[in-house]
Amino acid sequence: MTQAATNLRIALVGNPNSGKTTLFNALTGTHQFVGNWPGVTVEKKEGRLKGHQDHGGSGGSGAGNVTITDLPGIYSLSPYSPEEIVARDYLLNERPDVILNIVDGTNLERNLYLTTQLTELDIPVVVALNRMDVVERDGIVIDTALLAAELGCPVIEISALKQTGLDALTATLLETACVPHTPKPLQLHAPTGTAEDIAAARYAYIDALVDRCVAPAPTDRPSISERIDAIVTNRWLAFPIFAAVIFFIYFISITTVGALLQEWVADGLFGDEWGIPALAAHLLAALGVTTWLESLVVDGIIAGVGAVLEFVPQIFMLFVFLAFLESCGYMARVAFIMDRLFRRFGLSGKSCIPIMIGTGCSVPALMASRTIENESNRRMTVMTTSFMPCSAKLPVIALISGALFGGAWWVAPSAYFVGIAAIICSGIILKKTRLFSGDTTPFIMELPDYHLPTAKAILRSTWERGWSFVKRAGTIILLAAVAIWFGANFGFTEDGFGMVAMSESLLAMLGNALAWIFAPLGWGDWRATVATLTGLVAKENIVSTFGILFNFSEVAEDGVEVWGYVAANFTALSAYSFLVFNLLCAPCFAAIATIRREMSNAKWFWFTIGYQGAFAYAMALCVYQLGTLVSTGRFTLGTVAALALVAGFLYLLTRGTEELTGEHPQHHQHGSDELMRHDRAGDQPADSTTECRFQYENQCHACRHHNLMCPGLYSKGKRTAEDTGDDDGEPDER
Amino acid sequence: MTLADVAIGTTVSVTDIVADEVLKQRLLDMGITDGAKITVRRFAPLGDPVEIVVRGCALVIRKEDATHIKVKQ
Ligand SMILES: Nc1nc2c(ncn2[C@@H]2O[C@H](COP(=O)(O)OP(=O)(O)O)[C@@H](O)[C@H]2O)c(=O)[nH]1
Ligand SMILES: [Mg+2]
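First to last, the protein sequences are chains A and D.
Under my numbering, the residue at position 374 of the first sequence is numbered 374, and the numbers go up by one with no gaps.
All you need for my numbering is the position in the second sequence, starting with 1, plus 1000.
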């Protein structure tokens, strides 16, 4: 196997939040996002070991290409959530050449539990003892040599954050790969008996080991994190503090500093006299290009893309705050204080993290939902997260608020309120359906210590997320702007195809053909229809579309005139209904694709998209029709429909929970220890038809059917039977 | 007594876990084994979940799950 030497695969394995991604970035020189809540890395990421590529492996001296895989964190080899399954399956099926087990030196007992399982996989293990900076600061002394001797694998002290000990680690990794040491058979680790006996034996072994290897810190005063938590999760202060944090973030990034910067961009960069539109117009005039080309550049590209780029400052500010929140450790506390509340809506405390990230962008938010172990909670989170106004919806909110509500202060907060209300109502309604009832997987979460994120890390994350917004403006939005400009200026005339007045253009034809759908919502205007369609490509496209359709660039001075155009075509009510529909309906393509991936099931995906569309339509209809009834007293067919919707809505909110039918047979979980036991004891003959070393003995049909991708399913039977009592219609164990 | 009944600030030791395999395995993996010491640190503002310290590590667990953990002082 010379291949192994030239193409070395190292898997980075460890508990959540132990510093895997930090170490991965340090070793590979890449910039994966690091956050301080368990489960930041939800997919495996690959990278090359820095300074070790392209050596070719010719001299037989060892590694040529060294690939490092950053896996999601796991506490043990028994998987619970989809991200944990990713890690477990990688280890068992792909069998890396070396396992780099990162162990948090400040929390040896719990971290070594996984180590005892890893050393039984017959793959060489190198232990990286991380957070040594904190260990030393706290005055804890660890006898690394003894630990290494006992575990039977090299143990290297490092600090991924301070980047110390990395050279020694790299050297050890390469050495281990070249001379595969035989892992010491750890008798103690492979006991037989019940799951309790095995876990107890492992922990007893670890306790003894830690006792001998670690001299604990001299003093035992409450840590800084404990003292912060005493305030931040305090019974009376927790919610006011949370509200204050949220208010502060959105106040600063959207209204004050963000708005100031935005104004500067709008006036400076896109201003009348010296801004880009004027300069471009002068330049193009000087070059003597044809009018249509000038129109394309000025009215199409600059108007469309410019309208979006003006929001870059606000979006960057928002990402700065979100990155800070994610890195400092506060997110896990939010999940802690909100869990009780969110459970009522069929969500979990952990759903808070996706929802808050969702105010920045739905794509990472949807991916963050993977840390939720409970399948129903997770699906519900995926279905509702995009109701939260993301940063790309900010321009739309700003446009509507500026054009029709005189920039009233309450419009933007009301958009967030609509988003939250949509999540809560959907949660309550959907939770009662058969689709979501019954599953009660345990909720167990680690609270990481607080720490002050480095400015570098925050700026990097902000830059990456913000830059993708700018990139989108330069690519998708640009193309869409060109297409919209084309569609808005060309059409069929008596003489054939050519430039026409906008009201006769292709887009007007398309918009008019579909406008009837939205007429009951109060905005059956072709331009609004087209804007909604382009909003599916990216939400900020709505603004750029209006920019083009209402000739934004000519009035870019302070936007007041385009507001006038918008105002002339909408009433306050229809505009708000337009806003509600576009906030709640299916998100942009990128987020839709992410929903598809996270649902990993076509039926659920279409259900989600259909639900979001129907919900958005119903809400917008109610807003417009009931608003019209109240303000003008006009009673029409639409009013009847809206009233019927409200009645149906109230019924769905208040009715009882649908009973579970016998769809879910009892499932069982297979702990890793159980699997290993079979493997070790040899009572499970190797099956040549499967790659996996570990046989899923007694695996029920449904587990196999679901390809182990739905851990929630395992738990359905027993727990519901136990927890809900007899008369709940739980079919199992009659 | 179960873990859900323990007062704030009290340290107890685990005597048994009465739960189905999934929950049991999860708890065991997190270090809640027989004889392990658990300190109840605080309840969330709405009374649930509860923050506990096991083997030097702060965990959050729902009361409903905590009732499956039998403990003694
Ligand atoms: N003090 C200190 N903090 C670290 C160290 N390594 C990682 N961290 C912090 O621990 C947190 C979790 O790190 P991350 O790499 O995302 O962990 P992962 O979940 O295992 O990928 C981050 O806030 C890091 O900044 C270290 O060596 N020392
Ligand atoms: Mg990570």
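Even for Gly, the Cβ is constructed at its ideal location relative to N, Cα and C.
Asked, Found
"Which residue from A:413, A:442, A:622 and A:237 puts its Cα closest to that of residue 637 of chain A?", "A:622"
"Using alpha carbons as the reference points, say which of A:46, A:91, A:315 and A:363 lies closest to residue 462 of chain A.", "A:315"
"Nearest CA to the CA of residue 24 of chain A: which residue from A:16, A:228 and A:48?", "A:48"
"Between the Cα of residue 470 of chain A and the Cα atoms of A:157, A:160, A:313 and A:259, which residue gives the shortest distance?", "A:313"
"By the criterion of Cβ-Cβ separation under 8 Å, what are the contact partners of residue 233 of chain A in chain D?", "1042, 1044, 1045 and 1051"
"Short of 6 Å in beta carbon distance, which residues of its chain neighbour residue 625 of chain A, apart from the five on each side in sequence? Order them along the chain.", "638, 639 and 642"
"Hey, would you say residue 388 of chain A sits closer than 8 Å to residue 427 of chain A, going by beta carbons?", "no"
"Do residue 103 of chain A and residue 71 of chain A have their CB atoms nearer than 8 Å?", "no"
"What did DSSP end up calling residue 126 of chain A once you bin it into helix, strand or coil?", "strand"
"Can you name the residues that DSSP bridges to residue 1040 of chain D?", "D:1052"
"Just to confirm the assignment, what range does the alpha helix (DSSP H) spanning residue 598 of chain A have?", "589-599"
"Would you say residue 370 of chain A reaches chain D, if we count a Cβ-Cβ gap shorter than 8 Å as a contact?", "no"
"Listing by chain order, which chain D residues have their CB less than 7 Å from the CB of residue 75 of chain A?", "1029 and 1030"
"Do the stretch 529-538 of chain A and the stretch 288-302 of chain A touch if we need at least three Cβ pairs shorter than 8 Å?", "no"
"Using 8 Å as the limit for Cβ to Cβ distance, is residue 1069 of chain D near chain A?", "no"
"Note down, in chain order, every chain D residue with its Cβ under 7 Å from the Cβ of residue 107 of chain A.", "1056 and 1057"
"Write down the C-beta distance between residue 1026 of chain D and residue 444 of chain A rounded to the nearest angstrom, noting that I regard them as a contact closer than 8 Å.", "6 Å"
"So does residue 73 of chain A have its beta carbon nearer than 7 Å to some heavy atom of ligand 1?", "yes"
"How is residue 30 of chain A classed by DSSP in three states: helix, strand or coil?", "coil"
"Looking at the structure shown, is residue 1032 of chain D part of a helix, part of a strand, or coil, going by DSSP?", "coil"
"Can you pull the chain D neighbours of residue 78 of chain A, defined as C-beta to C-beta under 7 Å?", "1025 and 1029"
"Looking at chain D, is there any beta carbon in it that lies within less than 8 Å of the beta carbon of residue 442 of chain A?", "yes"
"Could you give the C-beta distance for residue 119 of chain A and residue 152 of chain A, rounded to a whole number, given that I count them as a contact under 8 Å?", "7 Å"
"Mapping the DSSP letters down to three states, classify residue 536 of chain A as helix, strand or coil.", "coil"
"Closer than 7 Å to a non-hydrogen atom of ligand 1 - does that hold for the CB of residue 19 of chain A?", "yes"
"Spell out the partners DSSP gives residue 1013 of chain D in its beta bridges.", "D:1037 and D:1072"
"Specify the secondary structure class of residue 487 of chain A as computed by DSSP and reduced to three states.", "helix"
"Of all the residues that make up the stretch 338-363 of chain A, which are near chain D by a beta-carbon distance shorter than 9 Å?", "338, 339, 340, 341, 343 and 349"
"Are there any heavy atoms of ligand 1 lying less than 7 Å away from the beta-carbon of residue 432 of chain A, as far as the coordinates show?", "no"
"In whole angstroms, what is the alpha-carbon distance linking residue 449 of chain A and residue 176 of chain A?", "33 Å"
"Comparing the CB of residue 16 of chain A with every heavy atom of ligand 1, is any distance shorter than 7 Å?", "yes"
"Looking at C-beta atoms only, is the number of pairs between the stretch 339-346 of chain A and the stretch 485-499 of chain A that lie closer than 8 Å three or more?", "no"
"How would you write the range of the alpha helix (DSSP H) that residue 510 of chain A sits in, first residue to last?", "506-518"
"What first and last residue would you give for the beta strand (DSSP E) that runs through residue 48 of chain A?", "45-48"
"Which residues in chain D sit within 9 Å of residue 205 of chain A, going by Cβ to Cβ distance?", "What residue 205 of chain A touches in chain D: nothing, since even the nearest Cβ is about 11 Å away."
"Sorry if obvious, but does the Cβ on residue 591 of chain A come closer than 7 Å to a heavy atom of ligand 1?", "no"
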